[in-house]
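*Asks:* This structure is in C-alpha cells; I'll ask about it shortly.
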Amino acid sequence: MTTNPPNLRPDLAPAAQITDTPRRGQPTLGMVSLGCPKALVDSERILTRLRAEGYGISPDYAGADAVIVNTCGFLDSAKAESLDAIGEALAENGKVIVTGCLGAEPDYIREHHPRILAVTGPHQYEQVLDAVHAAVPPDPNPFVDLLPASGVKLTPRHYSYLKISEGCNHKCKFCIIPDMRGKLVSRPAHAVLREAEKLVNSGVRELLVISQDTSAYGLDRKYDINPWKDHDVRTHITDLARELGQLDAWVRLHYVYPYPHVRDLIPLMADAGCNVLPYLDIPFQHAHPDVLKRMARPAAAAKTLDEITAWRGDCPDITLRSTFIVGYPGETEAEFQTLLDWMDEAQLDRVGCFQYENVAGARSNDLPDHIAPEVKQDRWERFMEKAQAISEAKLAAKVGKTVEVIVDDIDEEAATCRTKSDAPEIDGNLFIDEGFGSLKPGDIVTVEVDEAGEYDLWGRISPKS
12 MTTNPPNLRP
22 DLAPAAQITD
32 TPRRGQPTLG
42 MVSLGCPKAL
52 VDSERILTRL
62 RAEGYGISPD
72 YAGADAVIVN
82 TCGFLDSAKA
92 ESLDAIGEAL
102 AENGKVIVTG
112 CLGAEPDYIR
122 EHHPRILAVT
132 GPHQYEQVLD
142 AVHAAVPPDP
152 NPFVDLLPAS
162 GVKLTPRHYS
172 YLKISEGCNH
182 KCKFCIIPDM
192 RGKLVSRPAH
202 AVLREAEKLV
212 NSGVRELLVI
222 SQDTSAYGLD
232 RKYDINPWKD
242 HDVRTHITDL
252 ARELGQLDAW
262 VRLHYVYPYP
272 HVRDLIPLMA
282 DAGCNVLPYL
292 DIPFQHAHPD
302 VLKRMARPAA
312 AAKTLDEITA
322 WRGDCPDITL
332 RSTFIVGYPG
342 ETEAEFQTLL
352 DWMDEAQLDR
362 VGCFQYENVA
372 GARSNDLPDH
382 IAPEVKQDRW
392 ERFMEKAQAI
402 SEAKLAAKVG
412 KTVEVIVDDI
422 DEEAATCRTK
432 SDAPEIDGNL
442 FIDEGFGSLK
452 PGDIVTVEVD
462 EAGEYDLWGR
472 ISPKS
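Sequential numbering from 12 applies to the sequence shown in the working numbering.
Structural data, given as C-alpha cells:
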C-alpha cells in the first residue's frame, strides 16, 4: 500500500500490464508504452492487430523476438525518457521498432540510435505492422490464437481508456501535438458506442474518455447523425456522454476544454440515473490573461470562475481537476501571484503542475524573458503548497461521509480503491485496511470515510454496501 506523492505527473498513463502467455514456438513481441493514456490506447490497438495475426505478447525483453517502443515527444524531458527506453530495449533485446509521437522525428532518433529496425509516427498502425512482419514473420495458429472480444488491453481488466478522436485544432504556443498528431479527427459516434459496449460486456466497470480535446468532439464531422440501435446519435460530446451514461459502467471525462457547451454536460453528471461521473478534467494552464495570451490560450479566467460557480450550483458534488504551467516565458511575480489568488477562489479539487520547458519546434521557445530554473522551481513549490492545502481541506470535509469506490488492487495491507473523484494514477486513493478480504479488483462498494490525508482517504466498508 502506497500513498500518492505530491508531484505525481498528470500526463502519464498507468504502466502497461501484459498478462499474455505465448504458446510454444509462437513469434512474440514486447511493448514499451510511454507517455499519456492516448498513447497507451495506440499500444493496445497495435497489440490487438498483432495478436489477431498470431503473435504472442511478451512481458519481458528476454521472451520477445522484437520490441516495439511507443514513444512520447511532448516535452524535452519526455524525449530523453523515450531515447533512454529505446537504448535499454536495444541493449536487452537488440531488435527494436520505434513508433509514437517522437517517431515524427526519425532523423533525431536515428542520430542517437542508428541500430533501430524502423521508425513510424503516431497512430501509423499499418507501418508498424509492416515493420514487425519484416523483423518477425507471423506464424498464426487459428485453432489456438484466440483474440479476446475486447482486444488486447494494457490496463487492469476493470477499467479502460476510450479514445474518441485524434489530433487537435488549437495552436497553443507551448505545444507541438498538432504538428505530431494533426488536426482534429473524430470517430463516428456509433463506432465509439460499439467499442464502449463491447468493453462493458467484457467486464470493464469504468470507461475513461480521452482525446486531445474532448469538448471539440464531432466538430470536424459537423456533428453528423449516426444510427445507433433504435435511434440516431449526433457526433457531439453531449450526445455521446448521454449514451455512454446508459451503460453499466462509470464514465469519466478527460481533457475537456471549457467551451460554453460544457455546461450541458453538468446535468448528466447530476442525474442519479446516468453513469457519467461528476468529474471534469479541464486544462486551464494559467489564470492571468496576459500569460494566457502569450500561450495563445483563451484568456477569460474571470468568466471561468463564473462557469465553475454555475457548474457547482447545478452539481454540488462535481470534482474539478486541472493542470497548470508555471515559469512560462515572461511570467512575472505579479502574474504568478494572480494564479495563486485564482486558485484560492476556484478551489479546484485535483491539481497537477508543470514547470515550463522548451520543446523543439514550439513557438514559445522564441518568446522573450525566459524564467530562470531556480525561479521556476520556487514557483512550482509555492503552487503545489497551495494546491496541497486545498486538497487536504477538501478531503478532511469528506470524513464521516459515505462514498462509492471502485477497487483497483488488493495486497496484504489494504484494498486500494478510488472514489468517483479519482482517476487512476493521477488522483488520490481510498484505502480500506480492515475487512477487505472478500473484495476483488473491479468491485464497486460503499465505504464510510474515517480518515483523510493530503491526497488520500481511508475508510471501512459500509454495512449498507
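Even for Gly, the Cβ is constructed at its ideal location relative to N, Cα and C.
(1) Quick one, are the C-beta atoms of Leu-204 and Trp-261 less than 8 angstroms apart?
(2) Leaving out the 5 sequence neighbours to the left and right, which residues in its chain are closer than 7 angstroms to Glu-217 when beta-carbon positions are compared?
(3) One question on the structure: do Cys-112 and Thr-82 come within less than 8 angstroms of each other, judged by their Cβ atoms?
(4) Taking all protein chains shown into account, decide if His-144 is buried (16 or more other Cβ within 10 angstroms of its Cβ) or exposed.
(5) On the DSSP bridge assignment, give the partners of Asp-1 in chain order.
(6) To the nearest angstrom, how far is the alpha carbon of Gln-37 from that of Gly-65?
(7) Beta-carbon within less than 6 angstroms of Leu-158's beta-carbon, same chain only, minus the 5 sequence neighbours each way: which residues are those?
(8) If we call anything under 8 angstroms between Cβ atoms a contact, is Glu-424 one with Asp-438?
(9) Tell me which residue opens and which closes the beta strand (DSSP E) that Asn-81 is part of.
(10) Starting from Ile-188, trace the alpha helix (DSSP H) in both directions and tell me its first and last residue.
(11) On a CA-only basis, which of Lys-194, Thr-39, Tyr-234 and Ser-222 is nearest Val-147? Give me that one, please.
(12) Which of the three DSSP states, helix, strand or coil, is assigned to Ala-298?
(13) Can you grab the Cα-Cα spacing for the pair Tyr-266 / Gly-105, in whole Å?
(14) Output the boundary residues of the beta strand (DSSP E) element that contains Thr-413.
(15) Let me know the secondary structure DSSP gives Ile-329 once reduced to three states.
(16) How is Cys-112 classed by DSSP in three states: helix, strand or coil?
(17) Tell me whether Leu-468 is buried or exposed, calling it buried when 16 or more other Cβ atoms sit within 10 Å of its Cβ.
(18) Helix, strand or coil for Ser-93? Go by DSSP, reduced to three states.
(19) Less than 8 angstroms between the beta carbons of Leu-219 and Ala-434, yes or no?
(20) In this structure, does DSSP put Pro-48 in helix, strand or coil?
(21) What do you reckon, are the CB atoms on Val-410 and Gln-366 nearer than 8 angstroms?
(22) Given a threshold of 16 other Cβ atoms within 10 Å of its Cβ, counted over all protein chains shown, does Pro-526 qualify as buried or as exposed?
(23) Taking the beta carbon of Pro-327 as the centre, do at least 16 other beta carbons fall within 10 Å, making it buried, or is it exposed?
(24) Which residues does DSSP pair with Cys-428 in a beta bridge?
(25) When you compare only the Cα positions, how much space is there between Ile-97 and Val-52?
(26) Could you tell me which residues DSSP pairs with Cys-364 in its beta bridges?
(27) Among the candidates His-181, Gln-257 and Ile-329, whose CA atom is the shortest distance from the CA of Tyr-270?
(28) Whole angstroms are fine: how far does the CA of Asp-150 sit from the CA of Ala-321?
(29) Using DSSP's beta-bridge definition, name the partner residues of Tyr-119.
(30) Compare the beta carbon distance of Asp-231 and Val-196 with 8 angstroms and say whether it is the shorter of the two.
(31) In the structure shown, what three-state DSSP assignment does Ser-69 receive?
(32) Applying the criterion that 16 or more other CB atoms from any shown protein chain within 10 Å of the CB defines a buried residue, is Asn-286 buried or exposed?
(33) How many angstroms separate the CA atom of Gly-446 from the CA atom of Ile-472?
(34) Have a look at Val-107, Gly-453 and Lys-90 and flag the residue whose alpha-carbon is nearest the alpha-carbon of Arg-429.
(35) Buried or exposed for His-299, please, with buried defined as at least 16 other CB atoms from any protein chain shown within 10 angstroms of its CB.
(36) Mapping the DSSP letters down to three states, classify Asp-377 as helix, strand or coil.
*Replies:* The short version:
(1) no
(2) His-169, Tyr-170, Ala-260, Trp-261, Arg-263 and Ile-417
(3) yes
(4) exposed
(5) Because residue 1 is not part of the residues shown, which for the chain are 12 to 476, the question remains open.
(6) 8 angstroms
(7) Low per-residue confidence applies at Leu-158: pLDDT is 47, beneath 50, and the placement is therefore not dependable enough to give any value.
(8) no
(9) 77-82
(10) 188-192
(11) Thr-39
(12) coil
(13) 37 angstroms
(14) 413-421
(15) coil
(16) helix
(17) buried
(18) helix
(19) yes
(20) helix
(21) no
(22) The structure shown does not extend to residue 526, since the chain is modelled only from 12 to 476, so the question has no answer here.
(23) exposed
(24) Val-418 and Leu-441
(25) 20 angstroms
(26) Phe-335
(27) His-181
(28) 58 angstroms
(29) Answer is none; Tyr-119 lacks a bridge partner.
(30) yes
(31) strand
(32) buried
(33) 7 angstroms
(34) Gly-453
(35) buried
(36) helix
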